[in-house]
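Numbering that gives the first Met the number 0 puts the last residue of the sequence shown at 342; the count rises by one with no breaks.
We put the CB at the ideal spot given by N, CA and C, even for glycine.
From a predicted model like this one, the values you see are computed outputs, not experimental measurements.
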Amino acid sequence: MKSEAARVTISDVARAAGTGKTSVSRYLNGELNALSAGLQQRIADAITRLNYQPNQMARGLKRGRTRLIGLIIADITNPYSVNVLSGIEAACRASGFTLLMCNTNNEVDLERNYLSLLRSYQVEGIVVHAVGMREEALNQLQQSQLPMVLIDRTIAGFTCDMVGLDNPAATRLATDHLLQRDYRALLFISEPAGTVNTRTERLQAFRTQMAQHPDRVAEQLEIAPDNPAALEQAISEFYQRHRHLRCALLAGNGTVTLQVARALRRLNLVWGEQLGLLGFDELPWAELAGSGITTLQQPTWQIGYAALEQVLRRIDDATLPVSEQHFSAELIVRGSTWKLPGS
0 MKSEAARVTI SDVARAAGTG KTSVSRYLNG ELNALSAGLQ QRIADAITRL
50 NYQPNQMARG LKRGRTRLIG LIIADITNPY SVNVLSGIEA ACRASGFTLL
100 MCNTNNEVDL ERNYLSLLRS YQVEGIVVHA VGMREEALNQ LQQSQLPMVL
150 IDRTIAGFTC DMVGLDNPAA TRLATDHLLQ RDYRALLFIS EPAGTVNTRT
200 ERLQAFRTQM AQHPDRVAEQ LEIAPDNPAA LEQAISEFYQ RHRHLRCALL
250 AGNGTVTLQV ARALRRLNLV WGEQLGLLGF DELPWAELAG SGITTLQQPT
300 WQIGYAALEQ VLRRIDDATL PVSEQHFSAE LIVRGSTWKL PGS
């Protein structure tokens with residue numbers, strides 16, 4: 000007798016049950032009306048006794064279904080990505096799908112290789128959260144004609160479902176909070192926007208909101224997060240120019256928030272006292288840093304869950320109109336912005 004469950008085959012089950020492979024296959028596929036009650040019991044007993052585990056991949060391919068979903072992530076070290084991944088995985092589990100996650104680490108070769116890999120596994124749909132994904136990889140995605148959802152990104156000329164944050168509304172919420180706390184000079188700090196709509200939408204919303212307050216100073220800075228010296232210099236110069244006013248920094252995402260917090264520490268500038276600080280994305284350490292950092296919390300888990308649900312709808316009906324689903328952010332106020340003049 001075979002001792003390893005992985006080596007037990009459908010033929011072994013058929014012999015143990017005293018029937019043919021066709022009957023066992025019908026049992027496994029739920030076609031019980033074609034089998035007598037006694038035969039069903041013999042097959043069930045044989046499966047239990049042999050600890051038979053069906054090859055779900057083979058069964059799925061035979062029926063034209065793999066029940067596999069591909070996920071492409073640009074940077075798995077980003078806390079936002081981790082939370083989105085958790086929501087996607089939960090939705091897969093609830094729907095009986097298995098998730099294949101590919102972290103491209105913002106590398107072109109990995110993007111290309113993972114796209115080929117997911118196609119070879121015959122995934123039924125793809126969720127893409129890759130802010131920096133190159134045009135070549137995006138073209139490959141579009142040509143694959145697989146059911147697909149982009150997370151928090153839209154791309155000109157790329158027709159695809161999207162699930163993400165309402166970026167203009169979130170930026171208005173953050174900007175208004177700083178204005179209401181009587182900050183007179185605001186610096187919006189972002190990674191280079193390029194063609195990434197998430198960044199351009201936040202920058203534009205900041206400009207639009209500040210244009211309604213001509214008595215306030217509005218500046219913006221686009222800088223790579225791997226250039227700490229330049230970031231320190233820019234913040235220091237902004238503070239020196241406007242230190243006679245109440246100054247505040249608005250960080251465009253979680254990565255930038257972390258870099259700004261580090262820069263302020265090195266500059267010996269205390270947020271919540273010498274200047275205000277507000278960052279996109281709720282980070283695990285935000286409530287622990289100094290007096291706490293005010294953040295815009297995105298419903299990242301819900302965004303991931305909704306993205307997977309949309310992929311499944313697209314798998315079931317490819318004729319559905321393309322949709323965009325936007326979620327709202329929640330402002331979490333902490334010590335970095337709460338103090339008013341004289342308090």
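| request: Following the continuous beta strand (DSSP E) through residue 83, name the residue where it begins and the one where it ends. | output: It is not in any beta strand (DSSP E) - residue 83 instead sits in the alpha helix (DSSP H) that spans 78-94.
| field | Where the alpha helix (DSSP H) through residue 237 begins and ends | value | That run of the alpha helix (DSSP H) goes 227-241.
| request: For the alpha helix (DSSP H) holding residue 290, just list the boundary residues, first then last. | output: Following the DSSP letters along the chain, one finds residue 290 in no alpha helix (DSSP H), marked with neither H nor E.
| said: Taking only three categories from DSSP, how would you classify residue 126? | reply: Secondary structure at residue 126: strand, using DSSP grouped into helix, strand and coil.
| query | Who are the Cβ neighbours of residue 235 in its own chain at under 6 Å, not counting the five residues just before and after it? | reply | Within the same chain, residue 235 has close Cβ partners 266.
| query | In three-state terms, what does DSSP make of residue 160? | reply | Shown here, residue 160 sits in a strand according to DSSP, grouped into three states.
| request: Tell me residue 205's beta-bridge partners as DSSP assigns them. | output: Residue 205 pairs with nothing; no bridge assigned.
| query | Residues in its own chain within less than 7 Å of residue 165 by CB, not counting five upstream and five downstream? | reply | Here the set comprises 325, 326, 327.
| field | Closest by C-alpha distance to residue 159, when choosing among 337, 333, 318 | value | Considering only alpha carbons, the answer is 318.
| Beta-ladder partner(s) of residue 98, from DSSP | As DSSP reads the structure, residue 98 sits in a beta bridge with 68.
| said: Residues in the same chain with beta-carbon distance under 7 Å from residue 26, minus the five sequence neighbours each way, listed in chain order, please. | reply: Close CB contacts of residue 26 within its chain, under the 7 Å cut and outside five residues either way in sequence, are with 34, 39, 42 (chain order).
| query | Going by other Cβ atoms of all chains shown within 10 Å of its Cβ, with 16 needed for buried, is residue 60 buried or exposed? | reply | Residue placement at residue 60 is poorly supported in this model, since its pLDDT is 49, which falls under 50; the coordinates still yield a value, given next. It is exposed - the Cβ of residue 60 has fewer than 16 other Cβ atoms within 10 Å.
| Going by Cα to Cα distance, which pick from 14, 88, 12 is closest to residue 299? | For residue 299, the nearest C-alpha among the options comes from 88.
| Applying the criterion that 16 or more other CB atoms from any shown protein chain within 10 Å of the CB defines a buried residue, is residue 94 buried or exposed? | Counting every other CB atom within 10 Å of its CB across the protein chains shown gives residue 94 a total below 16, marking it as exposed.
| Rounded C-beta distance between residue 309 and residue 322? I'm assuming under 8 Å. | The pair is a contact, with the Cβ atoms about 7 Å apart (cut-off 8 Å).
| said: Please report the straight-line C-alpha distance between residue 270 and residue 82, rounded to a whole angstrom. | reply: Cα-Cα distance, rounded: 27 Å.
| said: Between which residues of its own chain and residue 150 is the CB-CB distance below 8 Å, once the five residues before and five after are set aside? | reply: Take residue 150, set aside five residues on each side of it, and the residues of its chain with a beta-carbon closer than 8 Å to its own are 83, 126, 127, 128, 161, 162, 163, 302, 303, 306, in chain order.
| message | Just list the residues that DSSP pairs residue 284 with in beta bridges. | response | As far as DSSP is concerned, residue 284 takes part in no beta bridge.
| request: Leaving out five residues on either side along the sequence, give the residues of the same chain with a beta carbon under 6 Å from the beta carbon of residue 336. | output: Taking C-beta separations shorter than 6 Å and ignoring five residues to either side along the sequence, the partners of residue 336 in its chain run 180, 275, 277, 293, following chain order.
| message | DSSP three-state label for residue 176, please. | response | In the structure shown, residue 176 adopts helical secondary structure according to DSSP, grouped into three states.
| Near residue 312, which residues of its chain fall below 7 Å by C-beta distance, leaving aside the five closest residues on each side in sequence? | Excluding residues within five positions, the ones whose Cβ falls inside 7 Å are 319.
| Reduced DSSP secondary structure (H/G/I, E/B, other) of residue 309 | DSSP places residue 309 in helix when its eight states are reduced to three.
| Beta-carbon proximity list for residue 241, same chain, < 7 Å, skipping 5 on both sides | Apart from sequence neighbours up to five positions away, the residues of its chain that approach residue 241 with a beta-carbon distance below 7 Å are 184, 216, ordered along the chain.
| task | Give the range of the beta strand (DSSP E) segment to which residue 278 is assigned. | result | Note, residue 278: beta strand (DSSP E), 275-279.
| query | Taking just the CA atoms, how far does residue 66 sit from residue 36? | reply | Roughly 30 Å separates the two Cα atoms.
| query | For residue 245, does the count of other Cβ atoms within 10 angstroms reach 16, so buried, or fall short, so exposed? | reply | Answer is buried; the Cβ neighbour count reaches 16.
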